[in-house]
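Take a look at the structure below.
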Amino acid sequence: MEKEEMLTAKKVAEKLGVTEAKVKKIIKEQNIEPDAKRGACNYYAPTTVEKIKTLID
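For the sequence shown, my numbering assigns the number 1 to the initial residue and increments by one for each residue that follows.
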């Protein structure tokens with residue numbers, strides 16, 4: 001089984017071609033919970049990244 005790639009908000013922004021601030025704003029406004037946490041870092045799974053992508057204007 002292939003391991004899912006987990007991304008930080010910064011990596012999500014780079015992947016989607018938008019600013020990190022825009023991604024963080026969407027996450028905060030939509031109350032999107034991280035799929036994993038390691039220390040102070042939040043990580044998002046590909047399905048969550050797709051959800052964020054649909055919310056970008």
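Using N, Cα and C, we set each Cβ at its ideal position, and we do this for glycine too.
Tell me, to the nearest whole angstrom, how far the beta carbon of Lys58 is from that of Ile56; I am working on the premise that it is less than 8 Å.
-> With the chain covering 1 to 57 only, the question about residue 58 has no answer from this structure.
CB-CB under 8 Å to Val18, same chain, minus the five flanking residues each way: which ones, in chain order?
-> Residues of the same chain with a CB within less than 8 Å of the CB of Val18, apart from the 5 flanking positions on each side, are Ile56 in chain order.
Rounded separation between Tyr43 and Thr54 - CA only = Roughly 18 Å between the two C-alpha positions.
Taking DSSP as the reference, what is the three-state secondary structure of Ile21?
-> Rather than Ile, the amino acid found at residue 21 in this sequence is Ala. Reduced to three states, the DSSP call for Ala21 is helix.
List the whole-angstrom C-beta distance separating Pro34 from Glu5, where the pair is believed to meet the contact cut-off of C-beta under 8 Å.
-> The beta carbons of Pro34 and Glu5 sit about 14 Å from each other, so the pair does not count as a contact at 8 Å.
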